[in-house]
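Each remark here refers to the structure printed beneath this line.
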Amino acid sequence: MSSIPANHEPTRTVLLRPEEIVEDANTKLGRANGNTYQRKPGVTNVHDGQIMVRLKKARFIILDYGYTPNNHDHAIARTTPHISIPHGAGQTKCASKDCPRLGVPVLLYDSMPHEPMSLYLRGGLCFSCQRKLNEKRRTRRKRKGDDEEQPDDEPHSNGHRAARIESGASVGNQYRYNDQIVELNSDAIIINGPVAGTRTHGPDYRCHEIGNDLLGTVSQLSEETLSLVQQSDNTSWASPDSVNQQYQQAFLSATRATFLLTQWKASYDAQQQHSDYATNDDSAVDSEILDEAVDSTENALGMDHLDGPTPRYSMDQSDQFDHGATAEL
Ligand SMILES: [Zn+2]
Numbered sequence: 029m030s031s032i033p034a035n036h037e038p039t040r041t042v043l044l045r046p047e048e049i050v051e052d053a054n055t056k057l058g059r060a061n062g063n064t065y066q067r068k069p070g071v072t073n074v075h076d077g078q079i080m081v082r083l084k085k086a087r088f089i090i091l092d093y094g095y096t097p098n099n100h101d102h103a104i105a106r107t108t109p110h111i112s113i114p115h116g117a118g119q120t121k122c123a124s125k126d127c128p129r130l131g132v133p134v135l136l137y138d139s140m141p142h143e144p145m146s147l148y149l150r151g152g153l154c155f156s157c158q159r160k161l162n163e164k165r166r167t168r169r170k171r172k173g174d175d176e177e178q179p180d181d182e183p184h185s186n187g188h189r190a191a192r193i194e195s196g197a198s199v200g201n202q203y204r205y206n207d208q209i210v211e212l213n214s215d216a217i218i219i220n221g222p223v224a225g226t227r228t229h230g231p232d233y234r235c236h237e238i239g240n241d242l243l244g245t246v247s248q249l250s251e252e253t254l255s256l257v258q259q260s261d262n263t264s265w266a267s268p269d270s271v272n273q274q275y276q277q278a279f280l281s282a283t284r285a286t287f288l289l290t291q292w293k294a295s296y297d298a299q300q301q302h303s304d305y306a307t308n309d310d311s312a313v314d315s316e317i318l319d320e321a322v323d324s325t326e327n328a329l330g331m332d333h334l335d336g337p338t339p340r341y342s343m344d345q346s347d348q349f350d351h352g353a354t355a356e357l
């Protein structure tokens, strides 16, 4: 029995190894807009397999039409901007009449995750039908004599991602943040509100309870980090996949811990303010003033006001791929 080539193994996780992504992008995909590379084969009349697509010179995505994500994958996707699981991924059939294939892929990798989401993920069509549609549109445009460079795959705005601010040519990663525009470093880390398994402080969730959750999370983080570091030290038996998984788990715990820490402090500050008012004024605490105090603490923390189902944090807003190209598939 012959062994199965690595890339024909079924997908088991949304996590790809960074080195395989880079290698395929550099050696298999090519730099032309619209190039594709079939990373895993499809199954006739079921799904289109795993496909790498060049959308722009600098942007490429990896779609998997044949993989049904599990809970662990969803947790990873929530915390990794490059990975996205649209509603119905791996389950919803293609929106074309009589097409039996799956129409919503998992996004295993997006080299520019803050650009608007690709039509391949939003269109509800299988890869074959979406390609056919794109081809039709392109032909129609050519007949009309329109600008061939006009993108026909990607939207100009209203993407489902972070509210990226469009401006001049040398734009970095700019975001609206509490009505200010901030430019993030390429290695910025964002915690966008309560991470899975955590919640915002409030009257029924205060220092004492938050403190207990925080201590539990920190202890879990400590165990996970220890196991991660020990495993990677012992290279003889650590597989990259399991190191990746443990890394994601530890990163998730670190994010939870950071979020809970800010909530603990916000709750503590609100309680302090509460007792200050109580000491300075014999009358009952004005609940409006207390609310304002809580609000202002939340505003100071700030990070929970970004729009949409944006990534909770980003590990590397990869600047490894150059900015600029506008032409698309
Ligand atoms: Zn189809």
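In the working numbering, the protein residues as written are 29 to 357.
For each residue, glycine too, the CB sits at the ideal point set by N, CA and C.
Bounding residues of the beta strand (DSSP E) (the contiguous stretch that carries residue i)
i	result
I49	Per DSSP, I49 belongs to no beta strand (DSSP E); it is in the alpha helix (DSSP H), P46 to D52.
I209	Q208 to L212
Cross-strand partners of residue i (DSSP beta bridge)
i	result
M80	Y65 and I90
L135	L91 and S112
H75	V71
K160	K160 pairs with nothing; no bridge assigned.
K121	L130
Span of the alpha helix (DSSP H) around residue i
i	result
L130	Note, L130: premise wrong, no alpha helix (DSSP H); not H, not E.
Y233	Where Y233 is concerned, there is no enclosing alpha helix (DSSP H), given that its DSSP letter is neither H nor E.
I104	N99 to T107
R150	L147 to R150
Proximity of residue i and residue j at Cβ, strictly below 8 angstroms
i	j	result
C157	Y93	no
G152	G131	yes
L288	I238	yes
R129	H75	yes
R45	P268	yes
R82	G58	yes
I113	Y137	no
L135	L91	yes
A285	L242	yes
N272	L43	yes
Q301	R234	no
A224	A123	no
R87	E47	no
I219	T283	yes
N61	K85	yes
T41	K68	no
I89	S146	yes
Contact with chain E by residue i, beta-carbon distance below 8 angstroms
i	result
T290	Protein chain content of the structure displayed is limited to a single chain, and chain E is not contained in it.
Exercise. Give a yes or no on contact between the segment 226-246 and the segment 278-297, applying the rule of three or more CB pairs nearer than 8 angstroms.
Key: yes
Quiz item: Is it a yes or a no for the segment 102-111 touching the segment 272-279, going by three-plus beta-carbon pairs under 8 angstroms?
Solution: yes
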